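Working notes for the structure below.
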Amino acid sequence: MSAQFEPNIVAFLCNWCSYAGADLAGTSRTHYPPNLNVIRVMCSGRVNPLFVVNALQQGADGVLVSGCHPGDCHYMEGNFHARRRFTLLRELIEYVGVEPGRFNMSWVSASEGAKWKDVVGEVVVKAKEAGPFKQFRRDKINW
Amino acid sequence: MDIFKLRKDKFADFLASLGGYKLFAPQKVGESIRFAPVTDAGKVELALANTTVPPKSIFFPQTETLYRYALGNTEMHPPAEGEAGVVLGVRPCDARAQVIVDNLFSWDVDDPYYLERRKKIAVVGLACNKPCVNCFCLSVGGDPASTEGLDLLMTELDDAYLLQPLTEKGEKLSQAVAAVAEAAETGDLDEAEKLHRQAREKINRKVETDGIPQKLPGLWDDALWQNTAASCLGCGICTFLCPTCHCFDIQDEVEGIDGRRCRMWDSCMFKEYTLHASGHNPRPTRRERTRNRINHKYNYFVQKFDVIACVGCGRCISFCPVNIDIVEILRQVKEAR
Amino acid sequence: MVDVEKLKKIARETISRDDVRCLIGWRQGSYGFRAAPHFVGKPEEADQLIFSPLCSHNLATYLTLAEKLPVPRGQEPDTRKVALLVKGCDSRAVVQQLVEQGIRRENVLVIGCPCRGVVDQKKVEAKYPDMGAAVTADWGEKTVIFNLPSGRVEAPREEVLAGKCMTCRYPNPLLADIEAGDAVAVWGSDEYTDVREMEAGDPRQRWLFWEEKFSSCIRCYSCRNVCPMCYCEDCILDRLNPGWVWRSANTSENTAFQLARAFHLAGRCIECGECERVCPVDIPLMKLNRKLTKEVREKFAFEPGTDPESKPLQASYRPDDKADFIL
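In C-alpha cells, the structure reads:
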C-alpha cells in the first residue's frame, strides 16, 4: 500500500494572536497534524499576498494565513488590510486554476488553542483532497 | 546537387522521413504562431508571412540552463547534449539573421551552447512568395529567395514544393525525401524563378542604407533620437522579436540546495540593461537607449563585422505598440544634415 | 463627436500657452490601420493630430513614463503642464493616477475626446489583409468607415472594434479641462460574461487554459510598460534581491509574473485593454484583469478611476468588509 500523500503547508501566523494560539495548543499537548511549516510574522497585514504564490512555486501544497480577530489587531488595522487583500488573492488564484481549499485564512486568538487544532485539521484535510500541487511548481527537474 | 519536387500531398511523408531528427516548425503556441518542436505533422503552419517569434529561439532559447549545481557540492552539471535537428519553414531573412548572429557568438568567446546547436540543427528555408507589408529585406542585402544560412531552400509552387539542397546537410535531407519526391523539371524551376521575381516586386518598403553607418556618429546629439524616443515605452518587443538581436542576462536561480546558472533574453531598451551597481546609468533615458539600438544595428555591428545587423523582416514595425518605424528613423538619418 | 479641425485649433492654442510644456495626442501611423502617439511641442506640429477609431493608445501612460533626471545645478525643474488628449477609458487612468498621487493635478491639462470605440488591429488586419498604405478611418452610425486605397468601406462596429469597446460604460472622459466634443451616448454594458464563463469551469480546465497562455509568455514586459497604472520606479517584477519573480521564462515564473501584476492592479486597473493589445503572443490579459475588476465591483462596490476623491482600494478598508471564507 502506497504511503498516503502528506501535504506540505506553509502557515503565516501573526505573532500576537495566532502564533500564541498555536503555542497554547502545543503547551496543552494537543494532538494535531504535523503538516504545517510555520512562519511567524508580526501581523497578518505584513503578509504580502505574493508570498502565497511564491510558497506554491517552492513546493507548498497549501498556504494558511492566520491573524487576530477583526477589531483585535495588535496594530489596530493590519488584519483589516489583510482581509481585503486575501479576499482578492483567493479569487485570483482560484480563477487561474488553483484548487479551492489550498489557500486558507483564519482568525485565531491567543487563547484559542482548541480552535487552532480544528483549523489545522481542516486545512490539512482540504490540502489532502486537493492533492500534490503541480500547476506552477518550479520545475527543477527540467532545469 | 539535384533539385527535387515534392507534391503537397506528400509533405507529411517528408516530415515523417525526418523522424530521426528533432524537428522544429511553425505551429500555434498559445495564441500565436511560433517555432516549436513538432509532435503532430498536421499542426505545422507554413501559410503565413512569418512567425511572431523568430527561429533564433531554436538556437538561442529565451531561457536556457548553462549548468546545474547543488550547494555544498562543487560539481557542475552542464545540460545534456543536444540531438541532431531540423528547423523547417525558416524565411530567408531569418536564416540570414542567424548567420549575422553567428559573428557575435564566435567573436571573442566561442559560445558552446549556441554553436553546438548551430552545428547540429539544419535549416530548411521557405522562400517568400508573399512578403508582408513591412518587409524591407531587399534594402539590407537580403532577398525573398536568399539562400544565405540555409541548408535547403523550399519554394512553394501551386501543388508542390521545390526542394533545393545547398549544403552537405541539405543534400542529406533531400536524399531522405528522394523516395517520395521527383526530380524537378525546367518548367518547375522557371515557375519558381517567376515567383521569386514577383515577390521582389511586391516589397514596397525601401530604405537607402548607403552611407548610414558613416552618418550615424555625426548625429549623436541630433533631436531625432529624443523625438523618436518620446513615444517609446521601453518594453522589449522590438529586441525580443528581432532575429538579429542577441543580448542576454545571466542569473543564478537557487531553491533550497539546488541551483542553476541560466541565461535569458535581455533588452538594451530596458532601463536596467546598463544600470551599474553604483546606481549610475550611462543610458538613463529612452533617448539614449533608442540611439544606442539604431547605432548598434547600423553602425557598431558594421564596424566590427562589416554587415548591417538588420535583415528587414519588419517585425519591429509590425509589433511596436506605438508604431515606432525603423524605416522612418533611417529615412530621417539619411536626410539629416 | 469630436471635430478634428476644432481639436487641432484647441491643440494649437494649448501648446501656445506659456504654462504648457508639450501636448500628447495621436497622429496617423506609418502603415495600414495604425496610429501613433504624437508629441506636439510647437503649434505647427498640431496639424498632424487625428482622432479616429485608430487611436487605441492610452496616452495617460506617458504622464508617468517620463524619466525624471536630476536637474543640473542652477536650473529649475520644468513644472509646466503636460496637455493630454484622452478618451473615456484614458481619463479613468488620469483620475486613478491622481487618486494615488502618482501625478499632480496642476501638472496635467486634460483635453477630453468622447469616443465611439477603437479598432482591434488583429480583427481589422484579418478583414482587410496586406494593407501597406496608411489608412484613415472614421466613425459612422454604429459602423466604422475605412478609407482604403480601393475605396471607402464601412464595417459593422462589432466586427472591427476592440472587445473592451463593446462593453464600454465610460466613452466620455470623466475628467477634462477642455472638452473637445459633445458627449456620446453610452452603448455598452458589462456583465463580465467572459469572466463568468471561466469561473463556471472546472479548476483543472481553467489551469489548462492559463498554463497554455502563461507558458507562451516571452517576458517582454510590454504589458507592464504600456499600462498607465504600472509606474513604480522600483517595480517588483524587476527586483532581483529579493527575487519575487525570477527572470527565466517558464510556466512557474511566468505565472508568478502575471499573478503579481494582476494582483497589484486589483482595484486600480481601469480596463483600458492596452496590455492585451500590445502583447505580441496574444495572451488574453483582459480576461485575467477583469476577474479582479469584477470582484472589486461586486465585493467592495468600487470602480477605480471614476472618483478623484476616492481612496485607493488596497490602502483602505471597511470594518464590515465581508470575507466568508475565513475560518
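Protein chains in written order, with the working numbering: chain B, 1 to 143; chain C, 1001 to 1337; chain Y, 2001 to 2327. All C-beta atoms in this analysis are idealised placements derived from N, C-alpha and C, irrespective of residue type, glycine included. This one's a predicted model, so the numbers in the text were calculated from it and none came from an experiment.
Requested in this report: Look up Y/V2071 in the DSSP assignment and say whether it is helix, strand or coil.
Outcome: coil
Query raised in the report: If you draw a straight line from the C-alpha of C/G1072 to the C-alpha of C/E1253, how long is it?
Result: 15 angstroms
Query raised in the report: Quick one: what's got a C-beta closer than 7 angstroms to C/V1029's C-beta in the same chain, skipping five residues either side?
Result: A1036
Query raised in the report: Is the CB of Y/G2267 under 9 angstroms away from at least one CB in chain B?
Result: yes
**Report entry** Segment contact flag, the segment 2115-2126 of chain Y with the segment 2155-2163 of chain Y, C-beta cutoff 8 angstroms, min 3 pairs
**Finding:** yes
Query raised in the report: Using a beta-carbon distance below 9 angstroms, is B/W143 in contact with chain C?
Result: yes
Report task. Under 7 angstroms Cβ to Cβ from B/H81, same chain only, skipping five residues before and after it: list those, please. Result -> G45
Query - Nearest candidate by alpha-carbon position, reference Y/S2016, set Y/V2002, Y/E2045 and Y/A2035 - result: Y/E2045
Query raised in the report: Quick one: what's C/M1264 bridged to in DSSP?
Result: C/T1063 and C/D1249
Query raised in the report: Checking contacts by CB at 9 angstroms: is B/P132 closer than that to chain Y?
Result: no
**Report entry** Residue-chain proximity (B/R85, chain Y), Cβ-Cβ < 9 angstroms
**Finding:** yes
Query - C-alpha gap between Y/I2178 and C/R1261, whole angstroms - result: 55 angstroms
Query raised in the report: Which value, in whole angstroms, describes the spacing of the CA atoms of B/C17 and B/N37?
Result: 17 angstroms
Requested in this report: With distances taken Cα to Cα, identify the nearest neighbour of Y/E2274 among Y/L2265, Y/M2286 and Y/F2263.
Outcome: Y/M2286
Query - Secondary structure, alpha helix (DSSP H): runs of 4+ residues fully inside the segment 2221-2267 of chain Y - result: 2222-2226 and 2251-2264
Query raised in the report: Is the number of C-beta pairs between the segment 2188-2201 of chain Y and the segment 1006-1026 of chain C that are closer than 8 angstroms three or more?
Result: no
Query raised in the report: Okay, do the segment 69-84 of chain B and the segment 92-99 of chain B touch, 3+ Cβ pairs below 8 angstroms being the bar?
Result: no
Query raised in the report: Can you tell me whether C/C1320 is buried or exposed, with buried defined as 16 or more other CB within 10 angstroms of its CB?
Result: buried
**Report entry** Y/R2219 to Y/R2247 span [Cα, whole Å]
**Finding:** 8 angstroms
**Report entry** chain Y contact residues for B/I93, given Cβ-Cβ distances below 8 angstroms
**Finding:** L2259
Query - Near-chain B residues of the segment 2185-2201 of chain Y (beta-carbon distance less than 7 angstroms), N- to C-terminal order - result: M2198 and E2199
Query raised in the report: Who pairs with Y/F2146 in a beta bridge, going by DSSP?
Result: Y/A2137 and Y/V2153
Query raised in the report: Does DSSP classify B/A25 as helix, strand or coil?
Result: helix
Query raised in the report: Whose C-beta lies closer than 7 angstroms to the C-beta of B/M1 among residues of the same chain, with five residues either side of it excluded?
Result: Its pLDDT being 46, under 50, B/M1 is placed unreliably in this model, and the value from its coordinates should be taken loosely. Excluding positions up to five away in sequence, the list is empty.
Report task. Within its chain, find whatever has a CB closer than 8 angstroms to the CB of Y/K2322; leave out the 5 residues flanking it on each side and keep chain order. Result -> K2299
Query - Reduced DSSP secondary structure (H/G/I, E/B, other) of Y/R2204 - result: helix
Requested in this report: Identify which residue in C/R1068, C/L1153 and C/C1238 has its Cα closest to the Cα of C/I1324.
Outcome: C/C1238
Requested in this report: Anything in chain B within Cβ reach of C/T1065, meaning under 9 angstroms, just list it in chain order.
Outcome: N142 and W143
Query - Pick from C/P1061, C/V1180, C/K1130 and C/N1281 that is closest to C/L1157, judged by C-alpha positions - result: C/K1130
Query raised in the report: What separation, rounded to the nearest whole angstrom, lies between the Cα atoms of C/V1123 and C/A1145?
Result: 14 angstroms
Query raised in the report: Any Cβ of chain C within less than 9 angstroms of the Cβ of Y/P2312?
Result: no
Query raised in the report: Does the separation of the CB atoms of Y/N2237 and Y/Y2221 fall below 9 angstroms?
Result: First, the amino acid is wrong: residue 2237 of chain Y is Leu here, not Asn. Result yes, Cβ atoms of Y/L2237 and Y/Y2221 sit closer than 9 angstroms.
Query - Neighbour-count burial assignment, Y/K2311, 16 or more Cβ in a 10 Å radius - result: exposed
Query - Residues near Y/E2100 in its chain [Cβ-Cβ closer than 6 angstroms; skip 5 each side] - result: P2312
Query raised in the report: Residue ranges of each alpha helix (DSSP H) run of no fewer than 4 residues wholly in the segment 2166-2194 of chain Y, ordered along the chain?
Result: none
Requested in this report: For B/S106, decide whether its Cβ has a neighbour in chain Y, counting only Cβ atoms nearer than 9 angstroms.
Outcome: yes
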